[in-house]
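A.B. asks: Got a structure for you, questions after.
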Amino acid sequence: MPSTLLDNAVSQFSRLPGIGHKTALRLVLHLLRQDTDDVVAFADSLTTLKREVKYCKVCHNISDTELCPICADRSRDASLVCVVENIQDVMAIERTQQYRGLYHVLGGIISPMDGIGPGDIEIESLVRRIADNREASSGGGENTVPVREVIFALASTMEGDTTNFYISRRLQVFPDLRLSVIARGISVGDELQYADEVTLGRSILNRTPL
Numbered sequence: 450m451p452s453t454l455l456d457n458a459v460s461q462f463s464r465l466p467g468i469g470h471k472t473a474l475r476l477v478l479h480l481l482r483q484d485t486d487d488v489v490a491f492a493d494s495l496t497t498l499k500r501e502v503k504y505c506k507v508c509h510n511i512s513d514t515e516l517c518p519i520c521a522d523r524s525r526d527a528s529l530v531c532v533v534e535n536i537q538d539v540m541a542i543e544r545t546q547q548y549r550g551l552y553h554v555l556g557g558i559i560s561p562m563d564g565i566g567p568g569d570i571e572i573e574s575l576v577r578r579i580a581d582n583r584e585a586s587s588g589g590g591e592n593t594v595p596v597r598e599v600i601f602a603l604a605s606t607m608e609g610d611t612t613n614f615y616i617s618r619r620l621q622v623f624p625d626l627r628l629s630v631i632a633r634g635i636s637v638g639d640e641l642q643y644a645d646e647v648t649l650g651r652s653i654l655n656r657t658p659l
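Here this note's numbering = 1-based position in the sequence shown + 449.
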């Protein structure tokens, strides 16, 4: 590498998922050809994102504020909570324009092979969320709608099914809570974020009891 500065920049880009050395070099050389102001704006946007981005205190979705726009939207159906693995899945479902409920982002799925257990993802916060919601609803809390259904929208893999089963057992303390899983229009083994909008939308609409 003719320059240590170039080498360092390529090494940093190479750390990104799916970016090999050749792609990293091409990206760095592209940035070198851009105006300095454009490169500075690019770098500043990443720094600002890292420093200022928040995660919704209710659903753990990414947000600019403590409460994400979806949770804050009074027009959404608060009686429905869709459980997803990550933020990309929220984006995928939102693109279908078929779902108007709320979400709960786990931040992963149970995977003993990868050392990820129930305590490593947002399962307990889901249980507390529903419990607090039930308490507020029974107490006549203003604008509080009881959660009536939890929809599991996890990948149709062994890890996804294991996570569905574990959470469903934890939610058995709420006997009148309906549990459903999105229809298997999503192929077994597929990642949710890569499904097309029509298939994913139909899976949400045609969900089945868990």
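Don't be surprised by glycine CBs; every beta carbon is placed ideally from N, CA and C.
Because the structure is a prediction, the values reported are computed rather than measured.
When the distance is taken between beta carbons, is cysteine 505 closer than 8 Å to cysteine 520?
C.D. replies: Within the sequence shown, numbered from 1, the residue matching residue 520 stands at position 71. Within the sequence shown, numbered from 1, the residue matching residue 505 stands at position 56. Yes.
A.B. asks: With a floor of 4 residues, list each alpha helix (DSSP H) that falls wholly inside the segment 518-582, ordered by position along the chain.
C.D. replies: 518-521 and 536-545, all fully within the segment 518-582.
A.B. asks: I'd like to check one pair, alanine 632 with aspartate 538: are the Cβ atoms closer than 8 Å?
C.D. replies: Numbered from its first residue, the sequence shown carries residue 538 at position 89. Numbered from its first residue, the sequence shown carries residue 632 at position 183. Against a cut-off of 8 Å, the Cβ pair of alanine 632 and aspartate 538 comes out as no contact.
A.B. asks: Roughly how many whole angstroms lie between the Cα atoms of threonine 514 and valine 507?
C.D. replies: Taking the sequence shown and counting its residues from 1, the one referred to as residue 514 is at position 65. Taking the sequence shown and counting its residues from 1, the one referred to as residue 507 is at position 58. Going by C-alpha positions, threonine 514 is about 11 Å away from valine 507.
A.B. asks: Does the distance from the C-beta atom of glycine 556 to that of glutamate 543 stay below 8 Å?
C.D. replies: Walking along the sequence shown from the start, residue 556 turns up at place 107. Walking along the sequence shown from the start, residue 543 turns up at place 94. Not closer than 8 Å, so no.
A.B. asks: Return the first residue and the last residue of the alpha helix (DSSP H) that leucine 620 is part of.
C.D. replies: Within the sequence shown, the letter at position 171 stands for residue 620. Leucine 620 -> no alpha helix (DSSP H), and no H or E assigned at all.
A.B. asks: Which stretch, first to last residue, makes up the alpha helix (DSSP H) that contains arginine 656?
C.D. replies: On the sequence shown, residue 656 is found 207 positions in, with the first residue counted as 1. Element bounds for arginine 656: n/a, residue is neither H nor E.
A.B. asks: In whole angstroms, give me the CA-to-CA distance for serine 452 and glutamate 534.
C.D. replies: On the sequence shown, residue 452 is found 3 positions in, with the first residue counted as 1. On the sequence shown, residue 534 is found 85 positions in, with the first residue counted as 1. Spanning the two alpha carbons is a distance of roughly 41 Å.
A.B. asks: Closest to leucine 516 by C-alpha separation, out of Ala473, His553 and Ile559, would be which residue?
C.D. replies: Against the sequence shown, residue 516 aligns to sequence position 67. Comparing Cα-Cα distances from leucine 516 to each of Ala473, His553 and Ile559, the minimum goes to His553.
A.B. asks: Give the C-beta separation of leucine 620 and valine 594 to the nearest angstrom, bearing in mind that I take them to be a contact with Cβ-Cβ under 8 Å.
C.D. replies: Stepping through the sequence shown from its first residue, residue 620 is reached at position 171. Stepping through the sequence shown from its first residue, residue 594 is reached at position 145. That pair is no contact at about 18 Å.
A.B. asks: With H, G and I counted as helix, E and B as strand and the rest as coil, what does DSSP make of serine 629?
C.D. replies: Numbered from 1 along the sequence shown, position 180 holds the residue referred to as residue 629. Assigned with DSSP and collapsed to three states, serine 629 falls in strand.
A.B. asks: For valine 596, does the three-state DSSP call read helix, strand or coil?
C.D. replies: The count along the sequence shown starts at 1 and reaches residue 596 at position 147. Three-state result, valine 596: coil.
A.B. asks: Tell me the rounded alpha-carbon separation between phenylalanine 614 and isoleucine 565.
C.D. replies: The sequence position of residue 614 within the sequence shown is 165, counting from 1. The sequence position of residue 565 within the sequence shown is 116, counting from 1. So the two alpha carbons sit approximately 15 Å from each other.
A.B. asks: Shortest alpha-carbon distance to histidine 509 belongs to which of Leu551, Val488, Lys471 and Phe491?
C.D. replies: Taking the first residue of the sequence shown as position 1, residue 509 is located at position 60. Nearest C-alpha to histidine 509: Leu551.
A.B. asks: Just tell me which of Ser512, Ser629 and Asp493 has its CA closest to the CA of proline 658.
C.D. replies: Translated into positions along the sequence shown, residue 658 becomes position 209. With distances taken between Cα atoms, proline 658 lies closest to Ser629.
A.B. asks: Can you tell me the Cβ-Cβ gap for glycine 650 and threonine 496, rounded? I've got them flagged as a contact below 8 Å.
C.D. replies: What you label residue 650 is simply residue 201 of the sequence shown in a count that begins at 1. What you label residue 496 is simply residue 47 of the sequence shown in a count that begins at 1. Wrong, their Cβ atoms sit about 36 Å apart, outside the cutoff.
A.B. asks: Name the residue from Leu465, Asp625 and Ala473 whose alpha carbon lies nearest to the alpha carbon of valine 459.
C.D. replies: Counting from 1 along the sequence shown, the entry for residue 459 is found at position 10. Valine 459 has its Cα closest to that of Ala473, out of Leu465, Asp625 and Ala473.
A.B. asks: Within 10 Å of its beta-carbon, does glycine 568 have 16 or more other beta-carbons around it, so buried, or fewer, so exposed?
C.D. replies: The residue given as residue 568 occupies position 119 in the sequence shown. Its Cβ having fewer than 16 others within 10 Å, glycine 568 is exposed.
A.B. asks: Any idea what DSSP makes of serine 586, helix, strand or coil?
C.D. replies: Taking the sequence shown and counting its residues from 1, the one referred to as residue 586 is at position 137. In this structure, serine 586 counts as helix in the three-state DSSP scheme.
A.B. asks: Mapping the DSSP letters down to three states, classify serine 512 as helix, strand or coil.
C.D. replies: Position 63 of the sequence shown holds residue 512. Strand.
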